[in-house]
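From first to last, the protein sequence lines stand for chains A and H.
Counting along the first sequence from 1, when you hit position 206 you're at 252 in this note's numbering, and nothing is skipped either side.
Counting along the second sequence from 1, when you hit position 223 you're at 269 in this note's numbering, and nothing is skipped either side.
Beta carbons are placed, not taken as given, at the ideal position from N, Cα and C, and that holds for glycine.
All figures in this text were calculated on a predicted structure; none of them were measured in a lab.
Inspection log for the structure reproduced underneath, given as structure tokens.
Number of protein chains: 2
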Amino acid sequence: MRRLTIWPVTGLPEVRAGDDLASMIVGALATDPLLDHDVVVVAQKVVSKSEGRVVALSTVTPSERAIRMGEEAGKDPRALEVVLRETRSIVRWERGVLIAETHHGFVCANAGVDRSNAGAPDSVVLLPVDPDASAARLRDALRERTGRDVAVLVTDTFGRAWREGHVNVAIGMAGMPALLRYVGQYDPEGYELRVTEIALADEIAGAAEIVMGKLDRCPVAIVRGLGMPSSEHTAQEYVRPKEKDLFR
Amino acid sequence: MRRLTIWPVTGLPEVRAGDDLASMIVGALATDPLLDHDVVVVAQKVVSKSEGRVVALSTVTPSERAIRMGEEAGKDPRALEVVLRETRSIVRWERGVLIAETHHGFVCANAGVDRSNAGAPDSVVLLPVDPDASAARLRDALRERTGRDVAVLVTDTFGRAWREGHVNVAIGMAGMPALLRYVGQYDPEGYELRVTEIALADEIAGAAEIVMGKLDRCPVAIVRGLGMPSSEHTAQEYVRPKEKDLFR
Numbered sequence: 047m048r049r050l051t052i053w054p055v056t057g058l059p060e061v062r063a064g065d066d067l068a069s070m071i072v073g074a075l076a077t078d079p080l081l082d083h084d085v086v087v088v089a090q091k092v093v094s095k096s097e098g099r100v101v102a103l104s105t106v107t108p109s110e111r112a113i114r115m116g117e118e119a120g121k122d123p124r125a126l127e128v129v130l131r132e133t134r135s136i137v138r139w140e141r142g143v144l145i146a147e148t149h150h151g152f153v154c155a156n157a158g159v160d161r162s163n164a165g166a167p168d169s170v171v172l173l174p175v176d177p178d179a180s181a182a183r184l185r186d187a188l189r190e191r192t193g194r195d196v197a198v199l200v201t202d203t204f205g206r207a208w209r210e211g212h213v214n215v216a217i218g219m220a221g222m223p224a225l226l227r228y229v230g231q232y233d234p235e236g237y238e239l240r241v242t243e244i245a246l247a248d249e250i251a252g253a254a255e256i257v258m259g260k261l262d263r264c265p266v267a268i269v270r271g272l273g274m275p276s277s278e279h280t281a282q283e284y285v286r287p288k289e290k291d292l293f294r
Numbered sequence: 047m048r049r050l051t052i053w054p055v056t057g058l059p060e061v062r063a064g065d066d067l068a069s070m071i072v073g074a075l076a077t078d079p080l081l082d083h084d085v086v087v088v089a090q091k092v093v094s095k096s097e098g099r100v101v102a103l104s105t106v107t108p109s110e111r112a113i114r115m116g117e118e119a120g121k122d123p124r125a126l127e128v129v130l131r132e133t134r135s136i137v138r139w140e141r142g143v144l145i146a147e148t149h150h151g152f153v154c155a156n157a158g159v160d161r162s163n164a165g166a167p168d169s170v171v172l173l174p175v176d177p178d179a180s181a182a183r184l185r186d187a188l189r190e191r192t193g194r195d196v197a198v199l200v201t202d203t204f205g206r207a208w209r210e211g212h213v214n215v216a217i218g219m220a221g222m223p224a225l226l227r228y229v230g231q232y233d234p235e236g237y238e239l240r241v242t243e244i245a246l247a248d249e250i251a252g253a254a255e256i257v258m259g260k261l262d263r264c265p266v267a268i269v270r271g272l273g274m275p276s277s278e279h280t281a282q283e284y285v286r287p288k289e290k291d292l293f294r
């Protein structure tokens, strides 16, 4: 019987550019070491910080477009300029809300640029340049330090169409499947299953968020018991091409 | 430190109309009884079956609209007729995919009507008429039989805009919050938190799905360790009114 256990990794120090996240996580886990096939879920913000993806707004010169949008919405044009630089295309700009497709292909508010918990005044944190690569590097570093073959998810909390509330999702991953495919499988009456792909890594990201919280500076959680052999996938498998998307 | 444990309830018999789900769950849990504040996550399908929300297609006379749509998409007009009856408004009808707003306000494929695992040939299963009431009834029945104050989620797997893959979400609930609100809370630098509402029950529904699976007829899971006092909420809190929704 499959039994999942999920707990937060507490006691991590504040993360700064250049920090070795793997060592910090291994250190914080001292009394409860990683096992093979654990999933290490890490909030995007600490990955971004360790990679120096923090921008001081005083260094940003807003474009005319950002100035115009800032006037429209009563928002800081320098922050909007950073958002526009992270944006591949604007999906919605209405009522002061900017829903953007990022250069990675994710659709989210402000292209993932966020001002809270930046660790520095008047600064914003961007998503990692390549969150899958970030996850793969962290996975390799954890294996080097512990000898364990774990999966890693880099996550962020995204809003949704139609439903209130944000959920944590995987924006980068290494070592486990993004999607569980039921294509071509049949129920006992012989009908092909309607739900053909379960977004497993997103569901794990959400499960980890429950113990991570937002305020308590707990950006890492461990999920144990998935019992899944390691496999190579990326969060790009979640990106629905625009031409297949009924809602863009 | 918060530690969540999640496991499937195995050995439940096939559920039929009129079955007492609470007794079936309590029976299946015999060696691992419920505790106060456990969350009992139940797949919509068994709730619907116990409530008799199964329709034999042989009893359905399709409307002209359903016949026309069936011809357009090469689909069974009787099944489309049932979907249309469960639909408050059609959000998209393209390429044979029907995304509908249900009478409850949920936006999902085929208004939640599903042919797989119906338990009878040529039949479809509908969502419960009032999934919050279903959850509340099950919660009361579980309390009566065990003396425990648990929360109950009734869940279904929904597709999403922009992202591939389905996730399990709460369509009915009792005894716990739908949303965790961070409105008016500040990070250590004094910035108000961007993510102001976490869809907690949806994240728990997704976490439970990981152990429930689709094929193994395991429609119930227990989530323990949330450590949250009981409170009265409904899954209607997830319904974003159309006039607030940028994607309808």
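Residue i at chain H interface by Cβ criterion, 9 Å
i: Glu118 of chain A; result: no
i: Thr51 of chain A; result: yes
i: Leu292 of chain A; result: yes
i: Thr133 of chain A; result: no
i: Asp65 of chain A; result: no
i: Val153 of chain A; result: yes
i: Ala207 of chain A; result: yes
i: Val198 of chain A; result: no
i: Arg48 of chain A; result: yes
i: Thr203 of chain A; result: yes
i: Val266 of chain A; result: no
i: Leu126 of chain A; result: no
i: Val285 of chain A; result: yes
Residue-chain proximity (residue i, chain A), Cβ-Cβ < 9 Å
i: His212 of chain H; result: yes
i: Pro54 of chain H; result: yes
i: Gly252 of chain H; result: yes
i: Glu278 of chain H; result: no
i: Arg138 of chain H; result: yes
i: Ala245 of chain H; result: yes
i: Glu190 of chain H; result: no
i: Arg62 of chain H; result: no
i: Ile145 of chain H; result: yes
i: Leu225 of chain H; result: yes
i: Ala58 of chain H; result: Here the sequence assigns Leu to residue 58 of chain H, which means Ala is not the residue at that position. Not an interface residue.
Host alpha helix (DSSP H) of residue i (start-end)
i: Leu144 of chain A; result: Leu144 of chain A -> not in any alpha helix (DSSP H); beta strand (DSSP E) instead, spanning 143-148.
i: Leu296 of chain A; result: The displayed coordinates of chain A run from 47 to 294. Any statement about residue 296 of chain A would go beyond what the structure contains.
i: Met258 of chain H; result: 246-258
i: Val128 of chain H; result: 123-131
i: Val72 of chain H; result: 67-74
Where the beta strand (DSSP E) through residue i begins and ends
i: Arg194 of chain H; result: From DSSP, Arg194 of chain H is part of no beta strand (DSSP E); its letter is neither H nor E.
i: Val101 of chain A; result: 100-102
i: Arg270 of chain A; result: 266-270
i: Val215 of chain H; result: 213-220
i: Val93 of chain H; result: Per DSSP, Val93 of chain H belongs to no beta strand (DSSP E); it is in the alpha helix (DSSP H), 90-96.
Through-space distance from residue j to residue i, alpha-carbon basis
i: Val128 of chain A; j: Gly211 of chain A; result: 25 Å
i: Glu117 of chain A; j: Arg131 of chain A; result: 18 Å
i: Ala125 of chain H; j: Ser277 of chain H; result: 38 Å
i: Gly165 of chain A; j: Glu60 of chain A; result: 8 Å
i: Leu103 of chain A; j: Ala63 of chain A; result: 17 Å
i: Arg141 of chain A; j: Asp291 of chain H; result: 11 Å
i: Thr51 of chain H; j: Ala119 of chain H; result: 44 Å
i: Pro108 of chain H; j: Arg114 of chain H; result: 10 Å
i: Val266 of chain A; j: Val88 of chain A; result: 5 Å
i: Ala179 of chain A; j: Gly73 of chain H; result: 47 Å
i: Ser135 of chain H; j: Asp65 of chain A; result: 51 Å
i: Trp208 of chain A; j: His279 of chain H; result: 19 Å
i: Ala224 of chain A; j: Leu225 of chain H; result: 25 Å
Selection from the options that minimises the alpha carbon distance to residue i
i: Arg194 of chain H; options: H:Asp248, H:Arg270, H:Val93, H:Glu97; result: H:Arg270
i: Phe96 of chain A; options: A:Thr105, A:Ile256, A:Ala68; result: Here residue 96 of chain A turns out to be Ser, not Phe, going by the sequence shown. Among A:Thr105, A:Ile256, A:Ala68, the Cα nearest to that of Ser96 of chain A is on A:Ala68.
i: Ser162 of chain A; options: A:Thr133, A:Val100, A:Ala220, A:His279; result: A:Val100
i: Ala157 of chain A; options: A:Asp82, A:Val137, A:Lys288, A:Asn214; result: A:Val137
i: His83 of chain A; options: A:Leu226, A:Asp66, A:Leu58, A:Arg185; result: A:Arg185
i: Arg206 of chain H; options: A:Phe293, A:Ala216, A:Thr56, A:Val72; result: A:Phe293
i: Ala76 of chain H; options: H:Val86, H:Val55, H:Ala187, H:Val170; result: H:Val55
i: Leu246 of chain H; options: A:Thr242, A:Gly259, A:Leu246, A:Ile244; result: A:Gly259
i: Pro174 of chain A; options: A:Ala155, A:Thr148, A:Arg111; result: A:Thr148
i: Gly218 of chain H; options: H:Pro287, H:Val93, H:Arg114; result: H:Val93
i: Ala182 of chain H; options: H:Ala197, H:Val170, H:Ser169, H:Asp168; result: H:Ala197
i: Leu272 of chain H; options: A:Trp53, A:Arg227, A:Leu226; result: A:Trp53
i: Arg24 of chain A; options: H:His279, H:Ile268, H:Gln282; result: Shown here, chain A extends from 47 to 294; a query on residue 24 of chain A therefore has no answer.
i: Ala112 of chain A; options: A:Ala187, A:Met222, A:Trp139, A:Thr280; result: A:Trp139
i: Thr242 of chain H; options: H:Arg227, H:Val213, H:Ile256; result: H:Arg227
Cβ-heavy atom distance, residue i to the ligand GDP, below 8 Å
i: Gly120 of chain A; result: With respect to the ligand GDP, the structure shown offers nothing to examine, as it has no ligands at all.
8 Å contact criterion, which residue i and residue j should meet: CB distance rounded
i: Cys154 of chain A; j: Phe204 of chain A; result: 5 Å
i: Leu199 of chain H; j: Ala251 of chain H; result: 5 Å
i: Thr192 of chain H; j: Ala254 of chain H; result: In fact, because the Cβ distance is near 19 Å, the residues do not count as touching under 8 Å.
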